[in-house]
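Taking it in order: structure first as structure tokens, then the write-up.
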Amino acid sequence: MKKGTVFIKNAAELVTCSGFGPKFGKAMEELHIIPNGAVYIEDGIIQIVGTTEEVERKLPQSPEQVIDAAGKAVLPGFIDSHTHFVFGGYRAEEFSWRLRGDSYMEIMERGGGIINSVRATKEASREELFKAGKKRLDSMLSFGVTTAEGKSGYGLDYETEIKQLEVMDEIDRVHPIDVVKTFLGAHAVPKEYKGREDEFIDFIIEKVLPEIVERNLAEFCDIFCEKNVFSVEQSRRLLSKAKEMGMKLKLHADEIVQLGGAELAAELGAVSADHLLQASDQGIAAMAEKGVIATLLPNTAFSLREHYARARYMIDHHCAVALATDLNPGSCFSESIPLTFALATLYMGMSPEEAVTALTINAAAAVDRADTIGSIDAGKKGDIVILEFPSYKYIPYHVGVNTVEKVVKNGRLVFDKEKGGILC
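Have a look at this one:
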């Protein structure tokens, strides 16, 4: 018996989502399911995948831990590829304003929105941000998330942007969930730069980006490319510089108005463009051609009572679609993976199979990790979700309710609902 070995056997469905890159268009339906499936993990890495009989025959030794998944569906760990989980303060009052009909942009224009969270995050101590961020990741883990992207963007200055990224790094070291860090310094225009947006972009390029790159504080650079926030040209300037400095690119694109963010993402070779509620046909076609992942955030559209992004159109036109929660304190205070599944299947025209792909291998591609996570394939990390039910189809069917029973991260059981939840 060797330490660090786990054998999951007798799965009613082993949903492998097999692949080492994103799935485009019709390929999103292909889940590669193995009935009575099994997976053997050693030292955190998947070694053998197949039917229980096949894997048992190939076992090199007696596993340290055996998990009997009889009557359960087993899937890759979910990847939440767009969140803002480190922030200070809350904006419950703004939610009430939206319920009475105020738009997101109207609330921003009166000094609410992102600026409210900026103020609270600046005032919060590192300890407060760490504690709150870790607690949110605990909740995400219970929903089966094993990798999450986290964005800065609630500082809009040097000190607080750095503080957010450093806190994410500290949480990443102690929490089972792997954190992918994104610098979103251009999340909004600070009051002192209103009407001088170009100067603010200069400030980020000259003062903040070099520090982040030198200290390797973030892997991605993102920007809110939107009317009354940052133009396509301003976005191009910042992202081009970030790319030149070795960072990978993401965009908040075409969320509120059709500005051309999708086209810009394709032009610059971004890894993903996110939101895309108003993306043009031309922008979608360009993203499909250049392989940019379309990361859709249905919880946000739901919370803002906006029309959903055109997932069905995107898939039918050969896009690779990912899904994410967009957990944040304003437009979407939700880390609910079950809600994401339900909205995608009930209101966005996605099949359950496409939704599973969008939260596994395609979400892995949206954080540029499809070669190491997002599917149950030999050589990948042992990140596994075990459901309470015998099929992945129960995820959207049990509407808005968590169906996750166990979570294995890097070959270690880290969440078990039957044993009281988080085990580490």
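Letter 330 of the sequence shown, counting from 1, is numbered 330 in the UniProt record's numbering, and no numbers are missing. Note that CB positions come from ideal geometry on N, CA and C, so glycine has one too.
Item	Value
Can you give me the Cβ contacts of Asp-172 inside the same chain, cut-off strictly under 6 Å, excluding the 5 residues immediately before and after it?	Val-179
Note the first and the last residue of the continuous beta strand (DSSP E) segment covering Val-179.	178-186
Return the CA-CA distance between Met-1 and Gly-411, expressed in angstroms with no decimal places.	In this predicted model, Met-1 has a pLDDT of only 48, less than 50, meaning its place in the structure is not dependable enough to derive any value.
If you run the structure through DSSP and keep just helix, strand and coil, what is Glu-30?	coil
Look up Ile-256 in the DSSP assignment and say whether it is helix, strand or coil.	coil
Taking the alpha carbon of Gly-25 as the point to measure from, which residue in Thr-300, Val-292, Ile-395 has its own alpha carbon closest?	Val-292
Check whether the Cβ atoms of Gly-144 and Val-321 sit closer than 8 Å, and answer yes or no.	no
Whole alpha helix (DSSP H) runs in the segment 317-360 with 4 or more residues, listed along the chain?	337-347, 352-358
Is it a yes or a no for the segment 314-331 touching the segment 290-306, going by three-plus beta-carbon pairs under 8 Å?	yes
For Ser-272, write down the residues that DSSP places opposite it in a beta bridge.	Lys-250, Ile-293
First and last residue of the beta strand (DSSP E) that includes Gln-65?	63-68
If you run the structure through DSSP and keep just helix, strand and coil, what is Arg-136?	helix
Name the residue from Tyr-313, Glu-267, Tyr-40, Phe-87 whose alpha carbon lies nearest to the alpha carbon of Ala-120.	Phe-87
Can the beta-carbon of Met-140 be found less than 8 Å from the beta-carbon of Thr-357?	no
Pull up the distance between the alpha-carbon of Leu-251 and that of Ala-378, whole angstroms please.	32 Å
Take Cys-225 and list the residues in its own chain whose beta-carbon comes closer than 7 Å to its own, dropping the five residues that flank it on each side.	Val-232, Ser-235, Leu-251, His-252, Ala-253, Leu-259, Gly-261, Leu-264
Is it buried or exposed for Lys-207, if we count other Cβ within 10 angstroms and need 16 for buried?	exposed
Just list the residues that DSSP pairs Val-385 with in beta bridges.	Leu-75, Val-407
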